[in-house]
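Written out below as structure tokens is the structure these notes cover.
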Amino acid sequence: MIGDAFQGGAILLVAAPLFAAMGAFALPRAGATLALIAAAVVLISSLTLLWLVGSQGAWRLALGAWTPPLGIGWQVDGLGVTLLLLTALVMTGAGVYRVAEGAGQDPLFWSLWLFLWTGLNALFLSADLFNLYVTLELVSLAAVALIATAGGPALTAAWRYFISTLLGSCVFLMGVALVYGQHGSLDLTLLHEKLAPDALSLLGAVLVTSGLLLKGAIFPLHFWLPAAHGRAPVAVSAALSGVVVAGAFYLLVRLWFGPFALLLSEPVAVTLGLLGAGAILWGGIMALLQRRLKMLIAYSTVSQLGYALLAFPLVAASGALATQAWQGAVVLVLSHGLAKAALFLSAGILALSLGHDRVGRLGGPGAGPGLAWLAIALAAASLVGLPPTGGFLAKWWLLQGALVGESWFWAGIILAGSLLTAAYLFRILSGPVTGDFPQPSVRGLQTMGLTALALALGAWIPAFLPMPLADMLATTWSTP
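Residues in the sequence shown are numbered consecutively from 50, following my numbering.
Here it is as structure tokens:
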């Protein structure tokens, strides 16, 4: 009975957006309606799986009753279901924003949106390297097409993203081929049992990781992200920053703390940590220098995701708190995804209300819709790491790992990055009023503001559920 519930929920997570995408392509006028129906199904399925994993532990499904290494496996565990729920919340919120924005009958938007959602859900369920590659491709191609729907300068950004993700896919696939040639299996569980710490296995892991770093826009391979996120439609920017780039981090954690665990030597962990430190500092400085609100938020994504990579050296150094270190990184991705989606949606609201998105002329909370400013304040508090927010819980867990392991450098990076985050977000909240702003009557503005506010509040929830979250994530590598 429990197995049927797991199977039904997992299948609905992929089938609902997939069939809705095909329906939206055939009937463009019904696209928004189909998207909202699919969103309701996916939200209920995600919450059901969350409860099942919390009460029953991890679960494994062999599609078509073909077991690995021949069959395709899906796995539902703490890490996967956390990202599935994040995806459901961000995609639903951004979708509602898009409908309220008055774009309910876009001929291609909703089918692409739903294909993106299908790819993300399949990614977080897949349990073998090749299907992870396939789902990554679906996500990347749908994301590129969604960016291009904005037209104009977004076409150049979409093309750069396409070339970058294509290169990342090639490198990733070479690594997969090398691992398969060495061990004759692509299933993550079987690889965990078979993988040996030899040179070819390490080369395969490095190639896979390099592809993911490019797809995830990790410093210094972040060159495509700011323009892509800054010029995409607002709802697309929220989805890209909230969940799409999180997919690359998810795979890094899934692989390096799973089948590649024997290969995670100190030099590998420190290298990943240094990339994260570079992302935190460089992204923060660039965000501080931006004049446009969406570009500031885009560079903030480069910076914030750097914290997640600090989990690797902290796990290597913190001993008893190693588990808490990587769990802190996951909670950071969760709270970041919700906060960053709220920021992008709020930026869209301010641009519609004020007629521009220039940081120096926003006017502070006294100008424009109050709901948008409240959402910005709540999301900013989580990104900075103020208590009691999800960002605070995540950074506290990371900082504890650094202090216990006497990793003062990493602790300093966490604190310096938080100060940088506070500096560039304070620019948004304290901008001087320098002129009169038009206040057009925008249809659906209240709905858009409430959506942004709900996502911002969601970024605070993890701080009130630390033990349930830790217990949930602890099921990640348990045997289903």
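Ideal Cβ positions, reconstructed from N, Cα and C, are used throughout, including at glycine. Keep in mind that this is a model prediction, so the values were computed, not measured.
| query | result |
| --- | --- |
| Whose C-alpha, out of H385, T470 and G307, is nearest the C-alpha of L330? | T470 |
| Taking the C-alpha atoms as reference points, what is the distance between V294 and R476? | 25 Å |
| Which whole-angstrom value describes the C-beta separation of A357 and S349, a residue pair presumed to lie in contact below a C-beta threshold of 8 Å? | Contact flag wrong, Cβ pair sits at about 14 Å. |
| Between the beta-carbon of G80 and the beta-carbon of W166, is there less than 7 Å? | no |
| Please name the residue or residues paired with A111 in a DSSP beta bridge. | G122 |
| Mind reading off the beta-carbon distance from A501 to A391? Whole number of angstroms is fine, and I expect it under 8 Å. | 5 Å |
| With a cut-off of 8 Å on the beta carbons, I'd call V548 and S250 a contact; round off their distance for me. | The first residue shown for the chain is 50 and the last is 529, placing residue 548 beyond what the model contains. |
| Please confirm if the segment 425-443 is in contact with the segment 369-381, defined as three or more CB-CB distances below 8 Å between the two stretches. | yes |
| Does the count of Cβ pairs from the segment 289-304 and the segment 125-135 closer than 8 Å reach three? | yes |
| So, are the CB atoms of L387 and A508 less than 7 Å apart? | yes |
| Taking only runs of the alpha helix (DSSP H) that begin and end inside the segment 229-297, which ones reach a length of at least 4 residues, in chain order? | 237-243, 248-264, 274-280 and 283-288 |
| List the residues that DSSP assigns as beta-bridge partners of S175. | W123 |
| Is it right to say Q339 is buried, meaning 16 or more other beta carbons lie within 10 angstroms of its own, or is it exposed? | buried |
| Using beta-carbon positions only, say whether T496 and A149 come within less than 7 Å of one another. | yes |
| L263 to L324, Cα distance in whole Å? | 12 Å |
| Which of the three DSSP states is assigned to T483 in this structure? | Residue placement at T483 is flagged as unreliable, the pLDDT there being 45, under the threshold of 50; the coordinate-derived value follows with that caveat. In the structure shown, T483 sits in coil (DSSP, three-state: anything other than H, G, I, E or B). |
| Excluding the 5 residues preceding and the 5 following M344 in the sequence, name in chain order all residues of the same chain whose CB lies nearer than 8 Å to its CB. | P275 and G279 |
| Comparing C-alpha positions only, which one of L354, I425, T238 and T372 sits nearest to W123? | T238 |
| Buried or exposed: which applies to D177, given that a residue is buried once 16 or more other Cβ atoms fall within 10 Å of its Cβ? | buried |
| Candidates V139, G58, A89 and F74: which alpha carbon is nearest W29's? | Residue coverage of the chain in this structure runs from 50 to 529, which leaves residue 29 outside it and unanswerable. |
| Based on the DSSP secondary-structure assignment, which residues constitute the bridge partners of R303? | Looking at the DSSP assignment, R303 forms no beta bridge with any residue, so it has no partner. |
| On a CA-only basis, which of L342, L506 and A287 is nearest A430? Give me that one, please. | L506 |
| Let me confirm a value: D520 is counted as buried when at least 16 other C-beta atoms fall within 10 Å, else exposed. Which label applies? | exposed |
| Do L447 and L514 count as a contact pair if the criterion is CB distance below 7 Å? | no |
| Using the Cα positions of L464 and W457, report the straight-line distance between them to the nearest angstrom. | 11 Å |
| Thinking A194 and T184 are a contact (beta carbons under 8 Å), I'd like their distance in whole angstroms, please. | Not confirmed; about 16 Å, so no contact. |
| Secondary structure at R340, three-state DSSP: helix, strand or coil? | coil |
| Determine the direct distance from the alpha carbon of A472 to that of L452, and round the result to whole angstroms. | 25 Å |
| How would you label S384, buried or exposed, when you count the other beta carbons within 10 angstroms and need 16 or more for buried? | buried |
| What is the rounded straight-line gap between the Cα of G233 and the Cα of L403? | 59 Å |
| DSSP puts R407 in a beta bridge; with which residues? | R341 |
| Tell me the rounded alpha-carbon separation between G230 and L85. | 44 Å |
| Along the alpha helix (DSSP H) that carries P515, what are the first and last residues, could you check? | P515 to L522 |
| Reducing DSSP to helix, strand and coil, say where P66 ends up. | helix |
| Give the C-beta separation of S95 and L133 to the nearest angstrom, bearing in mind that I take them to be a contact with Cβ-Cβ under 8 Å. | 5 Å |
| Give the single residue among F74, R78, A89 and L161 whose Cα lies nearest to the Cα of L61. | A89 |
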